[in-house]
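> Below: one structure in structure tokens.
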Amino acid sequence: MKTLAVVVTTPPYSHLTITALTYVEAALVAGINVIGVFFYQDGVMHANEDISIASDEYQAIAHWQRLQQEYQLPLHICITAAEKRGIACDAIDNDKINNAFTVSGLGELVELTTKATRLVQF
Amino acid sequence: MTSIEQQSSSSAQENGLAIINSKAPFSSTHGKDALDIALIFGSFEQKVSLFFQGDGVYQLIADQDGSLLAIKDYLKTFSAFEFYDIEDIYVCQQSLSNRQLDENFHIDEVKVLSSIEFSAALNRHQHVLRF
Amino acid sequence: MSTLHLVRQSAFASNDFAQCLSVLDHQDSVVLMDDGCYNLKHSLMDSLIKRVDGSVNINVITSHAQARAIEIIAAVNAIEMSDVVELTFTHKKVITWQ
Numbered sequence: 004m005k006t007l008a009v010v011v012t013t014p015p016y017s018h019l020t021i022t023a024l025t026y027v028e029a030a031l032v033a034g035i036n037v038i039g040v041f042f043y044q045d046g047v048m049h050a051n052e053d054i055s056i057a058s059d060e061y062q063a064i065a066h067w068q069r070l071q072q073e074y075q076l077p078l079h080i081c082i083t084a085a086e087k088r089g090i091a092c093d094a095i096d097n098d099k100i101n102n103a104f105t106v107s108g109l110g111e112l113v114e115l116t117t118k119a120t121r122l123v124q125f
Numbered sequence: 034m035t036s037i038e039q040q041s042s043s044s045a046q047e048n049g050l051a052i053i054n055s056k057a058p059f060s061s062t063h064g065k066d067a068l069d070i071a072l073i074f075g076s077f078e079q080k081v082s083l084f085f086q087g088d089g090v091y092q093l094i095a096d097q098d099g100s101l102l103a104i105k106d107y108l109k110t111f112s113a114f115e116f117y118d119i120e121d122i123y124v125c126q127q128s129l130s131n132r133q134l135d136e137n138f139h140i141d142e143v144k145v146l147s148s149i150e151f152s153a154a155l156n157r158h159q160h161v162l163r164f
Numbered sequence: 636m637s638t639l640h641l642v643r644q645s646a647f648a649s650n651d652f653a654q655c656l657s658v659l660d661h662q663d664s665v666v667l668m669d670d671g672c673y674n675l676k677h678s679l680m681d682s683l684i685k686r687v688d689g690s691v692n693i694n695v696i697t698s699h700a701q702a703r704a705i706e707i708i709a710a711v712n713a714i715e716m717s718d719v720v721e722l723t724f725t726h727k728k729v730i731t732w733q
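Residue numbers (the numbering used here), protein chains in the order written: chain A, 4 to 125; chain B, 34 to 164; chain C, 636 to 733.
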């Protein structure tokens, strides 16, 4: 079984994120089992509900949401990285966090890495 | 051998995570972010090895003092690697000599490798992250 | 022992591509993407192509090169993102140079 885990370190307003999204979607379309995307460093900014990107620009967050819904793709944000950037705290119903994303710890990255046959970083 | 056995025997040769550190320690948080991952893998008893290449080699050099820059000196945590069973620490010899650096590190157990050995050591791992 | 190398930075701006080349093994593959496409015109590319002898497989993502008005040279395969997914599993591991 081909299983893939992806680490994303770029924020939603970086054009590099488009490449990550295109890659993940291509993998899903190819029938690869993408067991999770782990957002680390500035990647956690994707879960920030307060980010608003001009409507004529690439909507990275909306695309992650779409992949999460269409493919039940697990999207994890690193809590330490998120707290540092002002978007996560103890509350489970945190309205600052986009509900397509799960607040996780680095332990989740360990889990994904152990389970995945391939790990790809963007 | 079944294909499953073949898979497991090949993962026995190539296991764990390799983290390549490529940035100098103080101007960015990449080194600290990489360290956090290494320590988590260590505490989950998963194999993790650290590679230092390019400006990443500056993270290993002795006598640095981040406190002069009001930076919390995460390099001090490197001395805890043995408690996390992080034993494989590799540095690229070419990167050191390009920067006129001696093999004077602030932790023991650093293995200085030629490019070919560095590449071969990387290849012994199943997954690679680079910061 | 093969590795897939995703190169995302211009060698005119960073040492990432040089570092990638220093660990590159024969049987490995390289994919130039994002600003990594500019490496097609870097002198390191010439030495890579000379060194290759056909064993290292060099690729560039077509749309990423075209968007930057970079001509894709004959020694390099023009590929799509779906090919990168395939390469991910035909190699044993992936290293991203960014």
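Glycine is no exception: its CB is placed at the ideal position from the N, C-alpha and C atoms. Quantities reported herein were computed from a predicted structural model and do not represent experimental measurements.
So, is residue 4 (chain A) buried or exposed, given that buried needs 16 or more other C-beta atoms within 10 angstroms?
Taking the first sequence and counting its residues from 1, the one referred to as residue 4 (chain A) is at position 1. So residue 4 (chain A) ends up on the exposed side.
> Does residue 724 (chain C) get closer than 8 Å to chain E when you measure Cβ to Cβ?
Structure shown: chain E not included; protein chains present are A, B and C.
> Following the continuous beta strand (DSSP E) through residue 82 (chain B), name the residue where it begins and the one where it ends.
Walking along the second sequence from the start, residue 82 (chain B) turns up at place 49. 81-85 is the extent of the beta strand (DSSP E) around residue 82 (chain B).
> To test your reading of the DSSP string, which unbroken beta strand (DSSP E) runs of 3 or more residues are found completely within the region 49-103 of chain B?
Entirely contained in the region 49-103 of chain B, the beta strand (DSSP E) runs reaching 3 residues are, in chain order, 50-54, 81-85.
> Report the residues of the region 38-54 of chain A with a CB closer than 9 Å to any CB of chain B, ordered along the chain.
Residues 43, 44.
> Among residues of its own chain, excluding the 5 on either side of residue 662 (chain C), which ones have a beta-carbon nearer than 8 Å to its beta-carbon?
Looking up residue 662 (chain C) in the third sequence gives position 27. Same-chain partners within the cutoff: 636, 637, 690, 691.
> I'd like the span of the beta strand (DSSP E) that includes residue 42 (chain A), first residue to last.
The count along the first sequence starts at 1 and reaches residue 42 (chain A) at position 39. It spans 36-42 - the beta strand (DSSP E) in which residue 42 (chain A) sits, taken as one unbroken run.
> Quick check on the burial criterion: 16 or more other C-beta atoms within 10 angstroms. Buried or exposed for residue 163 (chain B)?
As a first step, residue 163 (chain B) must be located in the second sequence, where it is residue number 130. Flag for residue 163 (chain B) reads buried.
> For the pair the region 44-62 of chain A and the region 8-27 of chain A, tell me if three or more CB-CB distances fall below 8 Å.
Judged by Cβ distances under 8 Å, the region 44-62 of chain A makes contact with the region 8-27 of chain A, as three or more pairs qualify.
> I want to verify the contact list: residues of chain A whose CB lies under 7 Å from the CB of residue 160 (chain B), in sequence order.
The residue labelled residue 160 (chain B) in the question sits at position 127 within the second sequence. Result: 116, 122.
> Assess, as a yes-or-no matter, whether the region 103-110 of chain A is touched by the region 66-78 of chain B under the definition of 3 or more beta carbon pairs within less than 8 Å.
Output reads yes: the region 103-110 of chain A touches the region 66-78 of chain B.
> Which two residues bound the contiguous alpha helix (DSSP H) that contains residue 81 (chain A)?
Here residue 81 (chain A) refers to the residue found at position 78 of the first sequence. Segment 78-81 is the beta strand (DSSP E) holding residue 81 (chain A); no alpha helix (DSSP H) there.
> Taking the continuous alpha helix (DSSP H) assigned at residue 123 (chain B), which residues delimit it?
Here residue 123 (chain B) is taken as the residue at index 90 of the second sequence, counted from 1. Where residue 123 (chain B) is concerned, there is no enclosing alpha helix (DSSP H), although the beta strand (DSSP E) it sits in stretches over 122-125.
> Give the residues of chain A in contact with residue 729 (chain C), contact being defined as C-beta atoms less than 9 Å apart.
To locate residue 729 (chain C), count along the third sequence from 1; it is residue 94. Ordered by position in chain A, the residues that pass the 9 Å Cβ test against residue 729 (chain C) are 121, 122, 123, 124.
> Report yes if the CB atom of residue 100 (chain A) is closer than 8 Å to the CB atom of residue 52 (chain A), and no otherwise.
Within the first sequence, numbered from 1, the residue matching residue 100 (chain A) stands at position 97. Within the first sequence, numbered from 1, the residue matching residue 52 (chain A) stands at position 49. Cβ distance < 8 Å, so residue 100 (chain A) and residue 52 (chain A) count as in contact.
> Could you check the C-alpha separation between residue 122 (chain A) and residue 155 (chain B) for me, to the nearest Å?
Numbered from 1 along the first sequence, position 119 holds the residue referred to as residue 122 (chain A). Numbered from 1 along the second sequence, position 122 holds the residue referred to as residue 155 (chain B). Roughly 14 Å separates the two Cα atoms.
> If you follow the alpha helix (DSSP H) that residue 720 (chain C) is in, where does it begin and where does it stop?
Locating residue 720 (chain C) in the third sequence gives position 85, where the first residue counts as 1. First-last of the alpha helix (DSSP H) with residue 720 (chain C): 716-725.
> Would you say residue 678 (chain C) faces chain A, with C-beta separation under 8 Å as the test?
Translated into the one-based positions of the third sequence, residue 678 (chain C) becomes position 43. Taking Cβ atoms only, chain A never reaches closer than 8 Å to residue 678 (chain C), which makes this a no.
> Which runs of the alpha helix (DSSP H) fall wholly inside the region 667-701 of chain C and span at least 4 residues, in chain order?
Fully enclosed alpha helix (DSSP H) runs of 4 or longer: 678-687.
> Which term fits residue 44 (chain B), buried or exposed, when burial requires 16 or more other beta carbons within 10 angstroms of its beta carbon?
The sequence position of residue 44 (chain B) within the second sequence is 11, counting from 1. With a pLDDT of only 42 at residue 44 (chain B), under 50, the local geometry of the prediction cannot be trusted, and no value is derived from it.
> What separation, rounded to the nearest whole angstrom, lies between the Cα atoms of residue 76 (chain A) and residue 37 (chain A)?
Translated into positions along the first sequence, residue 76 (chain A) becomes position 73. Translated into positions along the first sequence, residue 37 (chain A) becomes position 34. Their backbone Cα atoms lie some 7 Å apart in a straight line.
> Would you grab the beta carbon distance between residue 160 (chain B) and residue 6 (chain A) for me? Rounded to a whole angstrom, and I think it's under 8 Å.
Walking along the second sequence from the start, residue 160 (chain B) turns up at place 127. Walking along the first sequence from the start, residue 6 (chain A) turns up at place 3. Not quite, the Cβ-Cβ distance comes to about 12 Å (not below 8 Å), so this is no contact.
> Here's the rule: buried if 16 or more other CB atoms are within 10 angstroms of the residue's CB, otherwise exposed. What is residue 723 (chain C)?
As a working mapping, residue 723 (chain C) is identified with position 88 in the third sequence. It is buried - the Cβ of residue 723 (chain C) has at least 16 other Cβ atoms within 10 Å.
> Establish whether the CB of residue 642 (chain C) and some CB of chain B are separated by less than 8 Å.
Residue 642 (chain C) sits at position 7 when you count from the first residue of the third sequence. Closer than 8 Å: no.
> Taking CB distances under 8 Å as the criterion, tell me whether residue 717 (chain C) reaches chain A.
Here residue 717 (chain C) refers to the residue found at position 82 of the third sequence. Taking Cβ atoms only, chain A reaches closer than 8 Å to residue 717 (chain C), which makes this a yes.
> On a Cα-Cα basis, can you pick out the residue from C:728, C:711, C:720 that is closest to residue 667 (chain C)?
The residue labelled residue 667 (chain C) in the question sits at position 32 within the third sequence. For residue 667 (chain C), the nearest C-alpha among the options comes from C:711.
> Taking only the alpha-carbon atoms, compute the straight-line gap between residue 20 (chain A) and residue 62 (chain B) and give it to the nearest angstrom.
Position 17 of the first sequence, counting from 1, holds the residue named residue 20 (chain A). Position 29 of the second sequence, counting from 1, holds the residue named residue 62 (chain B). If I take the Cα positions, the gap works out to 20 Å.
> Give the residues of chain B in contact with residue 112 (chain A), contact being defined as C-beta atoms less than 8 Å apart.
Here residue 112 (chain A) is taken as the residue at index 109 of the first sequence, counted from 1. Chain B residues near residue 112 (chain A): 70, 73.
> Within the 8 Å Cβ cut-off, does residue 720 (chain C) reach chain A?
Walking along the third sequence from the start, residue 720 (chain C) turns up at place 85. Yes, residue 720 (chain C) counts as interfacial toward chain A.
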